[in-house]
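Contents: one structure, followed by commentary.
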Amino acid sequence: ISFEFIMIIRWTFFVLLIVLMTQEDAADKECKELLLVQVLFRHGDRSPLRLYPTDPNPVSIWPGGLGALTKLGKLQLYVLGQQLRYMYKEFLTTNPIEINVNSSEYDRCLESTESFLASFYAPTDEFKFSRNVDWQPLPVHSVPKEIDKDLDTGSFCPTTDAEEKRIINSPDGQAYIAKHKEMFDYLTFYSGTPITDWITAYYLFDTLFVENKYNLTIPVWAHKYWDELQEVYDESYYWWYKSYLMKRLRGGPLMKKLIEIMNEKIDGELPDLKFQIFSTHDDNLALLLEIFDIFPLKLPPYASTLLFELYRGTYNANFVRLLYLNSTEPELGNQTPHILKLHGCEEYCPLEFFTKSAQPFFPVNWEEECGITR
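Under the working numbering, the first residue of the sequence shown is numbered 57, with each subsequent residue one higher.
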């Protein structure tokens, strides 16, 4: 090999390195103008969804009943509103014309939304209707939970009901159940309710977790398998939404809506919109992370938040940055936003790549794919 050939190779490598560095730097510079933020948060702290037959704690302990937002839950969302207002103080004004709000129809989600908005858009003098009231009414949109394909994974869909049973009865599902059968049988005997899979285990641990958090009576028998039951609880959404079909029909509609809103913003159809807010549940957040295969096998805690930031670059390219707030104590107001990266993408992911990654999960006709006949 001649000296000249070696020099040519070195020079070529040097030029390629410069080009790559320039492209990377250009991408960084393109991600400068924030166009839109879409925020999805789980409701705040709540009472148990259900009690088990031998539960020593009566429902009367919970003033709002079962599945209701607690005072702590209201505080968590109020503080989250303060934190996001601070995070985006240079992007937002005080005019609520720049937000749109959608909520799951569950009371705990609607109340979480109201708590969030009370601090996120506390009125300035221009919008106050009384000097004595530091609050302003803002519209919150919802649809009946039975037909809410975007924000309620319990909406009517026969196809997913059948798929849920198929996963439970699949070889993998049965192997997982067999692995925990001793615990399931034990908990069935003492709780008085059949614990047969990750779904029934989820509801039992949820009740025990909430009651333990509030220093209520926890039966002695519950401690024997506490760690194993919590493990099944944390893994439950992985199994619940394990298949492509479940992700497509339970997470796809919301992901499709997020991207549609981004494109409408880019096309100038939503000139005033800066913040799109969705108030929802932990499984909705988990499903979006599962679609991109970045779910950490840890259920999103109360008030956990996904932020989809849309940027426009100087070269007319559009990028998405994904942030996740998942503190177990959001009421402290010091949550650290974690940057989530899609496989094959950096922090600022081209919208085209982002869309192509999610597109296989978009239902063409959700009602038809769910087996709903009108």
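Built from N, CA and C at the ideal position, the CB exists for glycine as well.
Take the alpha-carbon of residue 404 and the one of residue 118: they are about 44 Å apart.
Annotated as proximal: residue 257 and residue 289, with beta-carbon spacing under 8 Å.
Apart from the 5 residues on each side of it in sequence, residue 122 sits with its Cβ closer than 8 Å to the Cβ of 103, 104, 105, 106, 107, 115 in its chain, given in chain order. The straight-line gap separating the alpha-carbon atoms of residue 388 and residue 429 is approximately 48 Å. Counting only runs that start and end inside the region 169-253, the alpha helix (DSSP H) elements of at least 4 residues fall at 214-225, 227-235, 237-247.
For residue 361, the number of other beta carbons within 10 angstroms of its own is at least 16, and it is reported as buried.
Considering only 372, 139, 295, the residue with the shortest C-alpha distance to residue 226 is 295.
Annotated three-state conformation of residue 155 is strand, per DSSP. Residue 252 and residue 198 have their C-alpha atoms spaced approximately 34 Å apart. Counting the other Cβ atoms within 10 Å of the Cβ of residue 380 gives 16 or more, which makes it buried.
Counting along the chain, the unbroken beta strand (DSSP E) around residue 332 starts and ends at 331-336. Counting only runs that start and end inside the region 251-316, the alpha helix (DSSP H) elements of at least 4 residues fall at 254-269, 282-296, 300-306. Using a Cβ-Cβ distance cut-off of 8 Å, the region 225-240 and the region 186-197 are not in contact, since fewer than three pairs of beta carbons, one from each stretch, lie closer than that value.
Rounded to the nearest whole angstrom, the C-alpha separation of residue 275 and residue 423 is 44 Å.
In the structure shown, the three-state DSSP call for residue 416 is helix. Note on geometry: alpha-carbon atoms of residue 259 and residue 146 lie some 42 Å from one another. Cβ neighbours of residue 212 within its own chain (closer than 8 Å, five residues either side excluded): 202, 203, 426, 428. Note on residue 208: 16 or more other CB atoms within 10 angstroms of its CB, so buried under the neighbour-count rule.
Here residue 277 is exposed, its C-beta having fewer than 16 other C-beta atoms within 10 Å.
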